[in-house]
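Residue numbers (UniProt numbering): 1 to 637.
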């Protein structure tokens, strides 16, 4: 072939490749849109102020007179975050309207469970992309008299064998928890708890920045039938995402919620709404009516004077509990040189810490040790994520002994893996840690809230649709979930697909208990990063110090920059000091400044301060500015 012939072939191939790339981009653009960086500009620091200002309380700060026996609760009258104040009940939620209604339910006589039901339905209205009646979730409830319990209303594969969408569980979950643990107060009836969400959907609410961005990012992902073109106009007036400060009215959602309000869960799984679910989302009547929410024990472990509770399999509470145990039992002398360990111990002595040996969490507070802290937290996260692949699945289908996950033997085995590989390159592939299509996507999904009532009852709950806006399919106010993609591709996995089975999930609502009282509830959205972000934030809260070498408040711990390591790349929210970056690169890591707030989750939390007799003395909260989280606490008059 002569030169001109080669040139023609080259041009032809280039044209084919170009057309292929354009077609490929158009085909997948709707999905990729969801993962574009939302509002990652320079106003992040300003948003930190916005989030903490939502906290409402007129009481005085509580003295930290129980600090020695309560290392996880660091309250001081001179705390840098002024808004962290005492109270007797509170709500921490990603959206202030949800926090408002939760507070009102408790104020009017309801308990934390009643408030959780109202908050859940309100979040469906104000955050339709993150959770709702088309999805499911997990709720931990701690009662001072009865202890901790898990309510599992995770979506399940249809019994009929359908594999497009999972059967939603949220409505049956809310009905079950309300019937079993609700207060029974006349102001907290099922009808009363749904009324605020129905009103907000009917009358509309002001669109915020996060909702606007998620609607904009999902322009091609969310699909509406031709007969629902008028509904698309609500979210995309004149073809553009509804703007910040505009009013979003969702009448069809209000109508569907009204049916649930009048008829309970049966109104959703049966009748007209049940028919819609069958016709639009390919469920059978048996798929819907056979679904049941479940009550299970928590996965628990002792950490000092406290007990930490997480959700059992198929959720990832086990991952966080194991990670905290590993950090608590970590022997730094196994990984630091004698010189490094002695230097760290001397620094602690200089800072007035003389009553204990150096701990893993201490590394975060000294610049010369930060690269080691990042490396070791990465290794712990890797070990617990890897362990889950062979151990976590639906207990209704798999033989799972949750007590084995938190034994000293299990923790020591995981730690030994790190000791044996100390200072070896951790920049290897991590794709093997995710064995389902859903886990392999870079998602920032779900929502989390924490509620504490006047009796000290605590709720910590995480709800999800799978991806943002679920599977991107809509009908009658329902965005159906995408949870079927969270089953493993490996037929030998405990998370392999079976009809009726619940797929594994990264959600990890947590509750800490001390002296039979719930003292901290915490959790986060964030897809596969949820356990890592929750673990990291708890570590920061337990061990972190500010520039004045003072312990961090919960709000400060939440606001502190986070990191996440994957495939040898350390994604950092804020630029590291050059020396830290150099040392990490010397361990074969790459360092990438990745400033997208939603990438690092959206931690929400509430904590309770106890006096020396175990009585509730105060309360404090934290909301994540990355997702404009809010929290409120009140003193009972």
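No residue lacks a Cβ here, since even glycine has one placed at the ideal position from N, Cα and C.
Cβ-Cβ separation, residue j to residue i (assumed contact under 8 Å), whole Å
i: residue 177; j: residue 139; result: 6 Å
i: residue 173; j: residue 130; result: Actually they do not touch by this definition, with Cβ atoms about 16 Å apart.
i: residue 630; j: residue 93; result: 6 Å
i: residue 481; j: residue 168; result: 6 Å
i: residue 318; j: residue 389; result: Not confirmed; about 12 Å, so no contact.
i: residue 509; j: residue 462; result: 5 Å
i: residue 604; j: residue 450; result: 6 Å
i: residue 458; j: residue 185; result: Actually they do not touch by this definition, with Cβ atoms about 18 Å apart.
i: residue 590; j: residue 569; result: 5 Å
Residue i - containing alpha helix (DSSP H), residue span
i: residue 517; result: Premise fails: residue 517 lies in the beta strand (DSSP E), 517-523, not in any alpha helix (DSSP H).
i: residue 90; result: Where residue 90 is concerned, there is no enclosing alpha helix (DSSP H), although the beta strand (DSSP E) it sits in stretches over 89-93.
i: residue 143; result: From DSSP, residue 143 is part of no alpha helix (DSSP H) but of the beta strand (DSSP E) over 136-143.
i: residue 373; result: 370-389
i: residue 99; result: 96-107
i: residue 402; result: 402-405
i: residue 554; result: 554-559
i: residue 418; result: 408-420
i: residue 119; result: 112-126
i: residue 580; result: 578-586
Counted within 10 angstroms of its Cβ, other Cβ atoms place residue i as buried (16 or more) or exposed
i: residue 592; result: exposed
i: residue 302; result: exposed
i: residue 460; result: buried
i: residue 379; result: buried
i: residue 32; result: For residue 32, the predicted model reports a pLDDT of 38, less than 50, meaning its position is unreliable and no value from the coordinates is stated.
i: residue 230; result: exposed
i: residue 491; result: exposed
i: residue 625; result: buried
i: residue 23; result: Below a pLDDT of 50, predicted positions are generally treated as unreliable, and residue 23, at 46, falls in that range; the measurement from the model is reported next regardless. Exposed, because fewer than 16 other Cβ atoms sit within 10 Å of the Cβ of residue 23.
i: residue 619; result: buried
i: residue 586; result: exposed
i: residue 574; result: exposed
i: residue 362; result: buried
i: residue 217; result: buried
i: residue 507; result: buried
i: residue 237; result: exposed
i: residue 640; result: Nothing about residue 640 can be reported from this structure: the residues present for the chain run from 1 to 637 only.
i: residue 305; result: exposed
i: residue 384; result: buried
i: residue 300; result: buried
i: residue 244; result: exposed
i: residue 350; result: exposed
i: residue 158; result: buried
i: residue 419; result: exposed
i: residue 614; result: exposed
i: residue 110; result: buried
i: residue 356; result: exposed
i: residue 315; result: buried
i: residue 247; result: exposed
i: residue 298; result: buried
i: residue 175; result: buried
i: residue 503; result: buried
i: residue 213; result: buried
i: residue 227; result: exposed
Limits of the unbroken beta strand (DSSP E) element including residue i
i: residue 465; result: Careful: residue 465 lies outside any beta strand (DSSP E) and carries neither H nor E.
i: residue 607; result: 604-610
i: residue 537; result: Looking at the DSSP string, residue 537 is not in any beta strand (DSSP E); the run it does join, the alpha helix (DSSP H), is 530-543.
i: residue 363; result: Taken as a continuous stretch (DSSP letters only), residue 363 belongs to no beta strand (DSSP E), as it is neither H nor E.
i: residue 572; result: 569-572
i: residue 151; result: 147-153
i: residue 592; result: 590-593
i: residue 674; result: This structure cannot speak to residue 674, because the chain is shown only from 1 to 637.
i: residue 600; result: Careful: residue 600 lies outside any beta strand (DSSP E) and carries neither H nor E.
i: residue 268; result: Not the beta strand (DSSP E): residue 268 falls in the alpha helix (DSSP H), residues 266-269.
i: residue 511; result: 510-514
i: residue 636; result: Where residue 636 is concerned, there is no enclosing beta strand (DSSP E), given that its DSSP letter is neither H nor E.
i: residue 449; result: 447-452
For the stretch 305-318 against the stretch 513-525, do three or more pairs of beta-carbon atoms, one drawn from each stretch, fall closer than 8 Å, so that the two count as touching? Yes: the two stretches touch, three or more of their Cβ pairs being nearer than 8 Å.
Handout entry: Secondary structure, alpha helix (DSSP H): runs of 4+ residues fully inside the stretch 166-251
Key = DSSP assignment within the stretch 166-251 yields the following whole alpha helix (DSSP H) runs of 4 residues or more, N-terminal first: 170-181, 190-203, 209-217 and 229-235.
>> So within the stretch 274-360, which uninterrupted alpha helix (DSSP H) runs reach at least 4 residues, ignoring any that extend past its ends?
In response: The qualifying runs are 285-289, 317-329 and 338-350.
**Item:** Contact between the stretch 469-478 and the stretch 541-553 (3+ Cβ pairs under 8 Å)
**Value:** The answer is no - the stretch 541-553 does not touch the stretch 469-478, with fewer than three Cβ pairs under 8 Å.
Count the C-beta pairs between the stretch 343-350 and the stretch 551-561 that are closer than 8 Å, then say yes if the count reaches three, no if not.
No: fewer than three Cβ pairs fall under 8 Å.
Contact the stretch 280-295 vs the stretch 362-373: 3+ CB pairs below 8 Å: Verdict: no, contact absent.
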